[in-house]
Amino acid sequence: MEQLGFYILAFVAIISSLFMITRENPVHSALWMLLTFFAVAGIFVQLNAEFIAAVQVLVYAGAILVLYLFVVMLLNPKSKGFIRIPFRYALGIVAAFVVFTQILITLQSANVIGKSGPYTAEVLEKYGNVKVFGYELFNNYLVPFEVVSVMLLVAMIGAIVLAKKD
Amino acid sequence: MTLQHYLALSAIIFTIGMTGVLVRRNLIVMFMSVELMLNAVNINLAAFSKFLNALSGQVFIVFIMAVAAAEAAVGLALIITLFKNKPTVNADELNTMKG
Chain A
2 MEQLGFYILA FVAIISSLFM ITRENPVHSA LWMLLTFFAV AGIFVQLNAE FIAAVQVLVY
62 AGAILVLYLF VVMLLNPKSK GFIRIPFRYA LGIVAAFVVF TQILITLQSA NVIGKSGPYT
122 AEVLEKYGNV KVFGYELFNN YLVPFEVVSV MLLVAMIGAI VLAKKD
Chain B
147 MTLQHYLALS AIIFTIGMTG VLVRRNLIVM FMSVELMLNA VNINLAAFSK FLNALSGQVF
207 IVFIMAVAAA EAAVGLALII TLFKNKPTVN ADELNTMKG
């Protein structure tokens, strides 16, 4: 059952991301990207990361995607997404294939080595994913968390400065 | 499901995103492909987090999501500014700073 779920989610994610990069219309690309995000959220649920799955749907599918759709509809760009030079296509696809093969060769020997942590599936089930996650975040990663909040503030100010009318 | 399954899925999605950045010339779709690559990295982190029984990977996913949100906001603001100066989002036509 778990295997079937994984294969369905992986299939949906791969097919929708392939459609995403091949659609001419950016709005269609954005909607296919939405499907990819939902499939990846399902993968996160399989990996015992329920909180991350919820954040994925909220932040990616909710906020970032709407931002992209706003910009696409605001600009209404006329230019075609593809450039009609087969050489470009071939070069891009060959480069991507080479990288993929390199990753797969590395994966042949990939394994989990390293000290196993205390958060087994039983612990997560006993206390709940969100509680354990919050404990880990606010005890061991408090300073990075605060730095991220400053970074979001900087990004917000930067976006306002860049996009405002002058 | 072994670790390799998740790593292979992440590699496939990362490669698709990379292909998107390389072959598309629409700036907005190129940004979307970057988001796809970040998502593939997130799958990697979640998989290692599960198979090592640690939560550091999930914490870093949240940080990556914050960076992705910031990147999308600033990048799209840059695209809007570019579009005001020259009404196109084709990366090949935006070459006015090239000498």
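Residue numbers (the working numbering), protein chains in the order written: chain A, 2 to 167; chain B, 147 to 245. All residues carry an ideal CB built from backbone N, CA and C; glycine is no exception.
Which of helix, strand or coil DSSP assigns to residue i
{"i": "R24/A", "result": "coil"}
{"i": "N141/A", "result": "helix"}
{"i": "K165/A", "result": "coil"}
{"i": "I114/A", "result": "coil"}
{"i": "A50/A", "result": "coil"}
{"i": "L75/A", "result": "helix"}
{"i": "Y128/A", "result": "helix"}
{"i": "N190/B", "result": "helix"}
{"i": "T10/A", "result": "Correcting the residue identity first, residue 10/A is Leu in this sequence and not Thr. It is helical."}
{"i": "P87/A", "result": "helix"}
{"i": "N199/B", "result": "coil"}
{"i": "M147/B", "result": "coil"}
Bridge partners - residue i, DSSP secondary structure assignment
{"i": "R171/B", "result": "For R171/B, which the question treats as bridged, DSSP gives no partner whatsoever."}
{"i": "N236/B", "result": "N172/B"}
Beta-carbon separation (whole angstroms), residue i vs residue j, contact threshold 8 Å
{"i": "M176/B", "j": "R170/B", "result": "5 Å"}
{"i": "N199/B", "j": "Y120/A", "result": "5 Å"}
{"i": "Q57/A", "j": "F45/A", "result": "6 Å"}
{"i": "S17/A", "j": "L36/A", "result": "4 Å"}
Residue-chain proximity (residue i, chain A), Cβ-Cβ < 7 Å
{"i": "M176/B", "result": "no"}
{"i": "V205/B", "result": "yes"}
{"i": "V220/B", "result": "yes"}
{"i": "T161/B", "result": "yes"}
{"i": "M211/B", "result": "yes"}
{"i": "T148/B", "result": "no"}
{"i": "T242/B", "result": "no"}
Below-7 Å beta-carbon distance, residue i vs any chain B residue
{"i": "S1/A", "result": "Outside the shown range of chain A, which is 2 to 167, sits residue 1/A, and nothing can be said about it."}
{"i": "Y128/A", "result": "no"}
{"i": "P87/A", "result": "no"}
{"i": "N49/A", "result": "yes"}
Is the stretch 149 to 156 of chain B close to the stretch 186 to 197 of chain B, with three or more CB pairs under 8 Å? yes
Within the chosen definition, does the stretch 143 to 152 of chain A reach the stretch 219 to 234 of chain B through at least 3 CB pairs nearer than 8 Å? no
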